[in-house]
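Per my numbering: the sequence shown = residues 2 to 293.
Just so it is clear, CB atoms sit at the ideal spot from N, CA and C, and this is done for glycine as well.
Data first, discussion second: the structure below is written as structure tokens.
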Amino acid sequence: MRYKRVAAVAAAATLALGLSACGGDSDDAGTGAGNKDFAAGSTMERLNTAQKIKVGTKFDQPGFGQKGLSGKPEGFDVEIAKLIVKELGIPEDKIEYVETPSKVREDVIVNGTVDLVAATYTINDKRKERIAFAGPYYEAGQNIMVRKDEAAITGPDSFSDGTKKVCSVTGSTPAEEIKKYVKDVATQLVLFDTYDKCRDALKGKQVDAVTTDNVILLGYIAKDEASFKMAGDNFTKEPYGIGVKKEDTDFRDFINDTLDKAFEDGSWKKAWDETAGKFGATLGDPPAVNRY
């Protein structure tokens with residue numbers, strides 16, 4: 002009888018160890034960590050093995066990437082990045098966020114400062130000369146924000162007389178687009194490195210308007226409805242993508258697969274509803290990723 006009891010205890014212990022080992026295939030306590038199989042030498046394998054990742058994002062854009070009380074950025078871009086990191090089998094607390102203003106987004110990818118960039122990053126051909134994009138995962142549109150009492154500015158054509166100053170960010174698509182409408186770029190277009198500075202300049206009456214994507218402006222307005230409003234309708238289409246190294250096709254394909262999965266399982270919409278969706282912008286249908 003003694004030998005039977007010992008055998009039973011041993012079998013139970015073996016079963017417990019086996020269940021514990023099997024548990025390693027799933028997320029560790031929901032953190033996103035877990036065993037993943039990736040092709041040898043791929044970016045996915047490297048990051049999974051390292052169990053850490055650097056993500057470039059904005060720190061000054063409400064609803065997309067803005068530092069919260071936690072000291073870490075919060076928003077839709079950040080949540081999209083987290084979905085990718087989870088598929089890599091890396092815990093959220095192993096993400097290092099790197100502040101990435103518009104003017105340095107290509108640089109931090111090319112130089113390897115970050116592993117990917119999710120930062121209201123409009124996909125365009127000029128940027129594709131240096132880096133590659135996964136996505137898009139959202140389509141915004143450029144618009145204009147003015148002070149609440151402003152009546153003379155109703156859209157981009159309002160800058161054609163040369164009397165109004167408009168602020169945007171160095172290296173951004175909106176800064177380039179608005180040049181088509183201003184009479185004198187040198188005197189009318191004011192550029193800063195962050196949109197927070199544009200907002201402050203508008204409130205302080207150093208400029209007459211701020212232009213960038215509608216969803217970013219809606220975030221500012223939601224936080225200060227007494228001071229700001231939108232002026233007119235969207236006048237561009239801005240598809241947001243995830244920036245990666247130009248030659249890293251496998252990593253881009255992996256991110257595209259992750260985005261498609263997020264579109265289908267509801268996690269994409271959930272990320273929106275909990276972030277930028279609170280400001281009243283429309284999400285729309287999932288965009289078709291461009292697998293070029």
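Chain-order list of residues whose beta-carbon lies under 6 Å from that of A119 (same chain, five-residue window excluded)
Closer than 6 Å at Cβ, skipping near neighbours: T58, D78, I81, A82 and I243.
Use the C-beta contact count for K87: other C-beta atoms within 10 angstroms, 16 or more gives buried, fewer gives exposed.
buried
Would A141 count as contacting chain D if we go by Cβ distances under 8 Å?
The chain inventory of the structure shown lacks chain D, comprising one protein chain alone.
From L117, K204 and G285, pick the residue whose C-alpha is nearest to that of A227; which is it?
K204
Does the distance from the C-beta atom of V167 to that of Q189 stay below 8 Å?
yes
Can you give me the start and stop residues for the alpha helix (DSSP H) that Y221 sits inside?
N215 to K224
Reduced DSSP category for Q62 - H, G, I as helix; E, B as strand; rest coil
strand
Looking only at its chain, what residues have a beta carbon closer than 6 Å to the beta carbon of G163, apart from the 5 residues adjacent to it on each side?
K184 and D185
Between K262 and R292, what straight-line distance do the alpha-carbon atoms span, to the nearest angstrom?
15 Å
Counting along the chain, where does the beta strand (DSSP E) carrying A141 start and finish?
I132 to A141
Shortest alpha-carbon distance to E178 belongs to which of A282, D249 and D158?
D158
Contacts around T101, its chain only, beta-carbon distance under 8 Å, and the 5 residues preceding and following it disregarded
For T101, the CB contacts under 8 Å within the same chain, skipping 5 residues up- and downstream, are G57, T58, K59, V109, V115, V118 and A120 in chain order.
Would DSSP call E275 helix, strand or coil?
coil
Option in E46, R106 and A51 with minimal Cα separation from T123
R106
With distance defined between alpha-carbon atoms, name the residue in K271, T283, K104 and N257 nearest to G136.
Measuring from the Cα of G136, the nearest candidate turns out to be N257.
Cβ-Cβ distance between L219 and A282 below 8 Å:
yes
Write down every uninterrupted run of the beta strand (DSSP E) in the segment 111-187 whose length is 3 residues or greater and which is fully enclosed by it, in chain order.
Here the runs fully enclosed are 132-141, 143-148 and 167-170.
Closest to L89 by C-alpha separation, out of V245, N36, A289 and A202, would be which residue?
N36
Beta strand (DSSP E) segment containing K247, residue limits:
Per DSSP, K247 belongs to no beta strand (DSSP E) and is neither H nor E.
Can you name the residues that DSSP bridges to L192?
S169
DSSP three-state assignment for I91, whether helix, strand or coil
coil
DSSP puts G57 in a beta bridge; with which residues?
V99 and V118
Rounded C-alpha distance that separates K68 from T155:
31 Å
If we ignore side chains and look at the alpha-carbon of each, how far apart do D197 and F229 end up?
13 Å
Shortest alpha-carbon distance to D234 belongs to which of V216, V245 and E75?
V216
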